[in-house]
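The opening position of the sequence shown corresponds to residue 1120 in my numbering, with each subsequent residue numbered one higher. Take a look at the structure below.
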Amino acid sequence: MRLDQVWLRYGARAPWVLRAVEVEIDPGQSAVVLGRNGVGKSTLLQLAVGVLDPTRGVVRDRPGIVGWVPERFPADQPYTVDQYLTGMGRIRGLSGAATARTVTGWIERLGLAAYRDVRLPALSKGTAQKVGLAQALLRPPGLLVLDEPWEGLDGPTRELVPELIGEVLDDGGSVLVSDHRGETVRLPYAARWSVADGTVTVLAPAAAEQQVAGVPAGSVPTGPPAVAERRITGGATSVVEIAVPAAQALETVAALRRAGHQVLRVRPAEPPTLSDGDPPARLPAPPGTPAVPSAQAVPGASAVPAVPGAPGVRAAPAVPGVPGGSVAPAGAVDGDGQPGDSVAAAGEAS
């Protein structure tokens, strides 16, 4: 599928939301849409789905079956979960028997059995989001588009989303996904589309570290105490990597984002390597940088295993247009803020 010189605005005299968009996604490929709130990520996804038509340009080769999960599932409908999914199955062209079988399968897989006869308006946001996932997957989609799919989901279902994406890719489908929670780190091989200032840029795999430049001194926001810090500087590139205790990693990432920095990478916290009984060497700090305590000096710091299936060192590219410089935190935490997974990140300045 290709967006060919696509422009969009919401009125003849309104400002352009997107301009001259040229992107494509092949069968079996996934792409993560990055960008700050309000830059047009959801608009781009709706153009891909066909919910919106371009003001100029054209969307070419859109697959015949498109699965669409909007950021907010439209739960204000007078149907039970079973009635809604059954109706969607029939709309998608499934026979009665196939619809019943498929609906039951997704209800069981997504943990919706207790809500089968509950009306949609009575569902929590997370449960409604599961219904949205189910309806998008009733038939194997040629294109699956997910707008903030992890929002409101419980831990087990958050872990399931990358698996569902992988199944669509294995079947030859394409996947577009946006996210502001940092969950797309679980999709390390996805392409990165950066939306900023009305344009869409396809980032190269190494774009994150190529674009990190001009991080001002003292730009790391105050927040949870770091247990180790490393600055990597080369030419125009300056990356800050921070290790934190498992229980503080998500809070650190959130603080960095609030300060305008872009989180790029998550990875396991690595224990120091000892040689011949020597104590672990401390990372050298740049001249004038205050000493940072080691992990051993922070009560409660612990080694944590990596996120299953997530490579530990692959960086996710940065989003252009982030004001005020950027940083790279690192730490260890799982999706619920409990020890068990690990997080590391990096960022860019514009």
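Beta carbons: idealized from backbone N, C-alpha and C, even for Gly. Every value quoted in this text rests on a predicted model; they were computed, and no experiment measured them.
Straight-line CA distance for residue i to residue j?
i: residue 1271; j: residue 1248; result: 7 Å
i: residue 1124; j: residue 1173; result: 9 Å
i: residue 1219; j: residue 1243; result: 24 Å
i: residue 1251; j: residue 1304; result: 22 Å
i: residue 1422; j: residue 1229; result: Any reading at residue 1422 is ruled out, since the residue's pLDDT is 35, under 50, leaving its predicted position unreliable.
i: residue 1427; j: residue 1175; result: For residue 1427, the pLDDT reaches just 36, beneath the cut-off of 50, and the residue's location in the model is therefore unreliable, although a value from the coordinates is still provided. Answer to the nearest angstrom: the Cα atoms are 43 Å apart.
i: residue 1269; j: residue 1199; result: 23 Å
i: residue 1130; j: residue 1137; result: 13 Å
i: residue 1215; j: residue 1286; result: 24 Å
i: residue 1197; j: residue 1363; result: 47 Å
i: residue 1223; j: residue 1374; result: 41 Å
i: residue 1227; j: residue 1152; result: 30 Å
i: residue 1299; j: residue 1170; result: 22 Å
i: residue 1194; j: residue 1149; result: 27 Å
i: residue 1139; j: residue 1126; result: 5 Å
i: residue 1204; j: residue 1361; result: 45 Å
i: residue 1202; j: residue 1289; result: 30 Å
i: residue 1317; j: residue 1276; result: 33 Å
i: residue 1394; j: residue 1241; result: Only weak support exists for where residue 1394 lies, its pLDDT of 41 falling under 50; the value from the coordinates is given anyway. Whole-angstrom Cα-Cα distance: 60 Å.
i: residue 1192; j: residue 1308; result: 27 Å
i: residue 1253; j: residue 1281; result: 14 Å
Please work out which residues of its chain come closer than 7 Å, Cβ to Cβ, to residue i, disregarding the five sequence neighbours upstream and downstream, and give them in chain order.
i: residue 1273; result: 1245
i: residue 1321; result: 1142, 1310 and 1312
i: residue 1266; result: 1161, 1164, 1188, 1189, 1190 and 1297
i: residue 1255; result: 1186, 1187, 1188 and 1263
i: residue 1208; result: 1218, 1221, 1222 and 1257
i: residue 1128; result: 1134, 1135, 1136 and 1174
i: residue 1181; result: 1120, 1169 and 1262
i: residue 1279; result: none
i: residue 1232; result: 1226
Would you grab the beta carbon distance between residue i and residue j for me? Rounded to a whole angstrom, and I think it's under 8 Å.
i: residue 1144; j: residue 1293; result: 5 Å
i: residue 1260; j: residue 1184; result: 5 Å
i: residue 1284; j: residue 1306; result: 7 Å
Near residue i, what residues of its chain come up, given a Cβ to Cβ distance below 6 Å and the 5 sequence neighbours on each side ignored?
i: residue 1134; result: none
i: residue 1179; result: 1121 and 1123
i: residue 1103; result: The structure shown does not extend to residue 1103, since the chain is modelled only from 1120 through 1469, so no value can be given for it.
i: residue 1177; result: 1123
i: residue 1323; result: none
i: residue 1319; result: 1140, 1142 and 1312
Report all residues from its chain with a CB closer than 8 Å to the CB of residue i; omit the five preceding and five following residues, and keep chain order.
i: residue 1132; result: none
i: residue 1291; result: 1146, 1147 and 1261
i: residue 1212; result: 1258
i: residue 1206; result: 1198
For chain C, find out if any of its Cβ atoms is closer than 8 Å to the Cβ of residue i; answer yes or no.
i: residue 1239; result: Judged by its chain identifiers, the structure shown contains no chain C, having just a single protein chain.
Taking 7 Å as the cut-off, is the beta-carbon of residue i closer than that to any non-hydrogen atom of the ligand PLP?
i: residue 1220; result: The model on display carries no ligand, and the ligand PLP is accordingly not part of it.
Inset, instruction - Identify every run of the alpha helix (DSSP H) within the region 1167 to 1246, keeping only runs that are complete inside it and at least 4 residues long; order them along the chain. - result: 1200 to 1210 and 1215 to 1228
Inset, instruction - Could you say if the region 1229 to 1240 and the region 1155 to 1168 meet the contact criterion of at least three C-beta pairs nearer than 8 Å? - result: no
Inset, instruction - For the region 1270 to 1324, list the alpha helix (DSSP H) runs that are entirely contained and at least 4 residues long, ordered along the chain. - result: 1274 to 1289
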